[in-house]
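Q:
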Amino acid sequence: MAEMTLIEAIRAALDEELARDERVFITGEDVGKRGGVFRATMGLIDKYGPHRIIDSPLAELSIAGVGIGAALYGMRPICEIQFADFIHPAFNQIVNEAAKMCYRSDGAWTVPLVIRAPYGGGISGGLYHSQSLEAFFTHVPGLKVVIPSSPHDAKGLLKSAVRDPNPVLFFEPKKGYRLIKGEVPAGEYTVPIGPANITRAGTDLSVFAYGMMHYYCLKAAEVVAAEGINVEVVDLRTLLPVDRESVVASVRKTGKALIVYEDNLTMGYGAEIAAVIADEAFAHLDAPVKRLAAPDVPAVPFSHPMQDWFMPNAEKIAAAMRELANY
Amino acid sequence: MAATAVASPPTLNSRLPTDLSTETLLEIYRVMLRSRRCDERAWVLHRQGKVAFHISAIGHEAAQAGAAFALRRGEDWLVPYYRDLTLMLALGYTPRDFYLGLFGKKGEPSSGARQMPSHWSMRSANVVSTSSPVATQIPHAAGIALAIKLRGEDKLCLTCIGEGSTSQGEWYEGLNWAAVHKLPMICLVQNNQYAISAPVEKQMAVRTVAERAAAFGMAGVSVDGNDVLAMYRAMKEAADRARAGDGPTLVEARTYRITPHSSDDDDRSYRSREEVEEWKGRDPIQRFRAVLEDAGLLAVEMHEQIEADIKAEVEAAVKFCEAAPYPDAGEGLYPVYAEQITSNK
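Sequence lines, in order, name chains A and B.
With the first sequence counted from 1, adding 89 to any position gets you this note's numbering.
With the second sequence counted from 1, adding 5 to any position gets you this note's numbering.
(1) Under the three-state reduction of DSSP, which class applies to M93 of chain A: helix, strand or coil?
(2) Take every Cβ of the segment 264 to 275 of chain B, pair it with every Cβ of the segment 194 to 202 of chain B, and state whether three or more of those distances are shorter than 8 Å.
(3) Going by DSSP in three states, P262 of chain A sits in which element: helix, strand or coil?
(4) Since N255 of chain A meets chain B, which of its residues come closer than 7 Å, beta carbon to beta carbon?
(5) Just confirm the distance between the C-beta atoms of V389 of chain A and G214 of chain A, as a whole number of angstroms; I'd bet it's less than 8 Å.
(6) Please return the same chain residues whose Cβ sits closer than 6 Å to the Cβ of M93 of chain A, not counting the five positions on each side in sequence.
(7) Is the Cβ of T171 of chain B closer than 7 Å to any Cβ of chain A?
(8) What does a CB cutoff of less than 7 Å around D102 of chain B pick up in its chain, not counting 5 residues either side in sequence?
(9) The alpha helix (DSSP H) that contains I33 of chain B, what's its start and end?
(10) Just grab the DSSP bridge partners of P377 of chain A for me.
(11) Which residues, in order along the segment 228 to 256 of chain A, keep a beta-carbon less than 7 Å from a beta-carbon of chain B?
(12) If you reduce the DSSP assignment to three classes, tell me which class P204 of chain B lands in.
(13) Would DSSP call V184 of chain A helix, strand or coil?
(14) Leaving out the 5 sequence neighbours to the left and right, which residues in its chain are closer than 8 Å to T343 of chain A when beta-carbon positions are compared?
(15) Could you compute how far the alpha carbon of A7 of chain B sits from the alpha carbon of F221 of chain B?
(16) Got a sec? Which residues, its chain only, sit under 7 Å from S40 of chain B by beta carbon, not counting five neighbours each side?
(17) Taking DSSP as the reference, what is the three-state secondary structure of R77 of chain B?
(18) Can you tell me whether DSSP reads D299 of chain B as helix, strand or coil?
(19) So which residues of chain A does R119 of chain B contact, with C-beta pairs closer than 7 Å?
(20) Who are A206 of chain A's beta bridge partners in DSSP?
(21) What residues of chain A sit near W182 of chain B, judged by a beta carbon separation below 7 Å?
(22) What would DSSP say about V133 of chain B, mapped onto helix, strand or coil?
(23) Hey, how far is the Cα of R217 of chain B from the Cα of T116 of chain A?
(24) So what's N181 of chain B in DSSP terms, helix, strand or just coil?
(25) Buried or exposed: which applies to G276 of chain A, given that a residue is buried once 16 or more other Cβ atoms fall within 10 Å of its Cβ?
(26) Quick check on DSSP: helix, strand or coil for L163 of chain B?
(27) Could you say which of B:L96, B:Q345, B:L161, B:H145 lies nearest to G158 of chain A if we only look at CA atoms?
(28) Alpha carbon to alpha carbon, how far is K244 of chain A from A101 of chain A? Give it in angstroms, no decimals.
(29) So which residues on chain A does S136 of chain B lean against when the C-beta distance must stay under 8 Å?
(30) Looking only at its own chain, which residues have a Cβ that is under 8 Å from the Cβ of Y416 of chain A, when we skip the five neighbours before and after it?
(31) List in chain order: all unbroken alpha helix (DSSP H) runs of 4+ residues lying wholly within the segment 273 to 332 of chain B.
(32) So is A70 of chain B buried or exposed if we call it buried at 16+ other beta carbons inside 10 Å?
(33) Quick one: which chain A residues come within Cβ less than 7 Å of I60 of chain B?
(34) Looking at the secondary structure, which residues open and close the alpha helix (DSSP H) in which D102 of chain B lies?
(35) Determine which residues share a DSSP beta bridge with I143 of chain A and list them.
(36) Do you know whose CA, among B:W182, B:P265, B:P340, B:W48, lies nearest R119 of chain B's CA?
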């Protein structure tokens, strides 16, 4: 076991999968000599060569589209979209092509493709380097959507994503790339795509989150624990398919649910989790299902006071936990 | 590089290619005629109210047959578009396969009757599934060609598209990859002069689609798309270039869409009957028939026999598909994910 940052764990997963399977290659903007703008692919071109670490033209839809083609041929492409905010030109390729290929060919063709994209705010990225876009893609049958929140899970889930026979969107909380550290086993292990993970057991209320918000939820749970509020924290990890069982089981235990996400509130991922709870755990609820999310403005503003106002954080989450616990 | 040529004069070049046997020439003719008769029957079925939708390849037979026979069929890859009926029949798709799609019947081979007709897929022949939004297939072809190159295999990827769709960004981004990485890829643009109602001059300010190849740094050639032998030669050259590692080619087949865009379109609102009649006079099948007859390869009796065989084949296929069952509604539930694939495809 070694302590790693989130980005180091992601790099380790990429390295190990490139070594394991010669069908795996990486493409995206600046992934070669530069090693990616966040350094996820740092050093990989020296180890694996420019035919496995391929600098793409500056054109996101083609990164996804070329990845789809290579996957159809039998390769295992890992495509990097430099910032999730730039994924929109590739939306048609991801939603109309990758996601529908298996269904529309009655299973004759599949797209074993991973698209990695750093997402999220709090890094002075303004409107177009801060977005959280998971809800656009979790609406799409045929895709899998994964967001890790710890180095351990990042490595294990990314390895699972590379081996998955379906298109997997792998959103990485970029604010946590160097901030989030944790123990990571050396060498081979995977974390399965699908199950959520109870990262802190509790009895008073359930908090559901993923990515950076999960990290803050653990911090907030610690703060309110000192005040006698016993919070259960569930790291959803895989957003699609939805792990309904874990969500429902936790709410049945605690009777209260708070969902935290840094995307803007309305029609966000938390709406689906709230609906699952209403549907399958209604009789166990002792309080309204609550969501804590970003305000309904187009994206994260740049200037610090506005950015801080936009972003959910440990203090805001702790306040929401107290309010729900006291309901 | 970047050589753009407007090849082939307006009259049919009747010099037969020396690398095609008589059997192959007649097979090309048979495929073109089979495509035409299948297509005409589909229009009749639509007028009879028996099928919901048809999108036609009439007029495109030479462009597609010329392309098909320049491929190593079964080895090379194809990312087609919806007008590629002739190409599909040349690659082994059968009239029965086509009509199962037209009727939306159980076991339809491209999509299990999930997609509209003419949304081809045939894994056994390396034909990739296609969708309806145009030009999405071009980056896929580049990705396939990239994989071929990464693996060092002696194959190529052909993709087809209409001239209107070359206005899409996906066309540019896909071809740019092919040029940057010198990929073994051919993009065949079937320029039938109309994107539904929009004539080609509303799509582009250049004289030919092929001129655009210069912007990518790839070879481009514009061919009389109603001359199957000229098409074969241009495609063969492009295939040789791809196999030699000399990169992609943009081949433009100049042709004409004889029918409305689809069975839901009425072309009388945007083009004259005289124009359509003029192009009917340049029918690619009649032109090829004349070449074969001139060369003494196709006697009248032989032509009539081919016609009779195709008619019987088409009628048998229509009869079979009309009587075939529909899919169970529950088949619509799967396979959304690869884990749900249960068939032995």
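Every residue gets a Cβ at the ideal spot worked out from N, C-alpha and C, and that includes glycine.
These figures come from a predicted structure and were not determined experimentally.
A: The short version:
(1) What you label residue 93 of chain A is simply residue 4 of the first sequence in a count that begins at 1. M93 of chain A falls in the strand class under three-state DSSP.
(2) With the cut-off at 8 Å, the segment 264 to 275 of chain B and the segment 194 to 202 of chain B touch.
(3) Locating residue 262 of chain A in the first sequence gives position 173, counting from the first residue. Strand at P262 of chain A.
(4) Within the first sequence, the letter at position 166 stands for residue 255 of chain A. Those within 7 Å of N255 of chain A in chain B are Y342, A343.
(5) As a working mapping, residue 389 of chain A is identified with position 300 in the first sequence. As a working mapping, residue 214 of chain A is identified with position 125 in the first sequence. Yes, they are in contact, since the Cβ atoms of V389 of chain A and G214 of chain A sit about 7 Å apart, within 8 Å.
(6) Here the question's residue 93 of chain A lines up with position 4 in the first sequence. Excluding residues within five positions, the ones whose Cβ falls inside 6 Å are P240, V273.
(7) Mapped onto the second sequence, residue 171 of chain B falls at position 166. Between T171 of chain B and chain A, the shortest Cβ-Cβ separation is not below 7 Å.
(8) Walking along the second sequence from the start, residue 102 of chain B turns up at place 97. Within the same chain, D102 of chain B has close Cβ partners P114.
(9) The residue given as residue 33 of chain B occupies position 28 in the second sequence. Per DSSP, I33 of chain B belongs to the alpha helix (DSSP H) from 27 to 52.
(10) For this step, residue 377 of chain A is matched to residue 288 along the first sequence. Its beta-bridge partners do not exist; DSSP assigns none.
(11) Within the segment 228 to 256 of chain A, the qualifying residues are P230, G231, P254, N255.
(12) Sequence index remark: in the second sequence, residue 204 of chain B carries index 199 (1-based). Of the three classes helix, strand and coil, the one that applies to P204 of chain B here is strand, per DSSP.
(13) As a position in the first sequence, residue 184 of chain A is number 95, starting the count at 1. V184 of chain A: helix per DSSP, three-state reduction.
(14) Residue numbering aside, residue 343 of chain A sits at position 254 when the first sequence is read from its first letter. Excluding positions up to five away in sequence, the list reads G291, T292, D293, L294, S295, E321.
(15) As a working note, residue 7 of chain B is residue 2 in the second sequence. As a working note, residue 221 of chain B is residue 216 in the second sequence. Note that A7 of chain B has pLDDT 44, beneath the 50 cutoff, so the model's placement of it is unreliable and no number is given.
(16) Position 35 of the second sequence, counted from the first residue, corresponds to residue 40 of chain B. Taken in chain order, the residues that qualify are A62, E66, L90, T91, L94.
(17) Residue 77 of chain B sits at position 72 when you count from the first residue of the second sequence. Three-state result, R77 of chain B: coil.
(18) By one-based count along the second sequence, residue 299 of chain B stands at place 294. Here DSSP, grouped into helix, strand and coil, assigns D299 of chain B to helix.
(19) Sequence index remark: in the second sequence, residue 119 of chain B carries index 114 (1-based). When 7 Å is used as the limit between beta carbons, R119 of chain B is near these residues of chain A: Y192, R193, D195, in chain order.
(20) To locate residue 206 of chain A, count along the first sequence from 1; it is residue 117. In DSSP, A206 of chain A forms a bridge with A:F260.
(21) Locating residue 182 of chain B in the second sequence gives position 177, counting from the first residue. Within 7 Å Cβ-Cβ: P146, S151, V155.
(22) Walking along the second sequence from the start, residue 133 of chain B turns up at place 128. It is coil, neither helix nor strand.
(23) Reading the second sequence from its first residue, position 212 is the one you call residue 217 of chain B. Reading the first sequence from its first residue, position 27 is the one you call residue 116 of chain A. For R217 of chain B and T116 of chain A, the distance between alpha carbons rounds to 26 Å.
(24) Locating residue 181 of chain B in the second sequence gives position 176, counting from the first residue. In this structure, DSSP gives N181 of chain B a helical state, which the three-state scheme calls helix.
(25) As a first step, residue 276 of chain A is located in the first sequence; it is residue number 187 there, counting from the start. When all chains shown are included, G276 of chain A counts as exposed.
(26) As a first step, residue 163 of chain B is located in the second sequence; it is residue number 158 there, counting from the start. Assigned with DSSP and collapsed to three states, L163 of chain B falls in strand.
(27) Stepping through the first sequence from its first residue, residue 158 of chain A is reached at position 69. Ranking B:L96, B:Q345, B:L161, B:H145 by Cα distance to G158 of chain A puts B:H145 first.
(28) Here the question's residue 101 of chain A lines up with position 12 in the first sequence. Here the question's residue 244 of chain A lines up with position 155 in the first sequence. Answer to the nearest angstrom: the Cα atoms are 7 Å apart.
(29) Here residue 136 of chain B corresponds to residue number 131 of the second sequence, with the count starting at 1. Going along chain A in sequence order, the residues near S136 of chain B (Cβ under 8 Å) are N185, E186, K189, R193.
(30) Your numbering for residue 416 of chain A matches position 327 in the first sequence. Take Y416 of chain A, set aside five residues on each side of it, and the residues of its chain with a beta-carbon closer than 8 Å to its own are K345, D375, A376, P377, in chain order.
(31) Fully contained in the segment 273 to 332 of chain B are the following alpha helix (DSSP H) runs of length 4 or more, in chain order: 278 to 285, 289 to 299, 305 to 328.
(32) Here residue 70 of chain B refers to the residue found at position 65 of the second sequence. Buried is the call here.
(33) Numbered from 1 along the second sequence, position 55 holds the residue referred to as residue 60 of chain B. Within 7 Å Cβ-Cβ: nothing; I60 of chain B doesn't reach chain A, min ~16 Å.
(34) Counted from its first residue, the second sequence places residue 102 of chain B at position 97. First-last of the alpha helix (DSSP H) with D102 of chain B: 100 to 108.
(35) Reading the first sequence from its first residue, position 54 is the one you call residue 143 of chain A. For I143 of chain A, which the question treats as bridged, DSSP gives the partners A:T116.
(36) Sequence index remark: in the second sequence, residue 119 of chain B carries index 114 (1-based). Proximity to R119 of chain B across B:W182, B:P265, B:P340, B:W48 peaks at B:P340, based on C-alpha coordinates.
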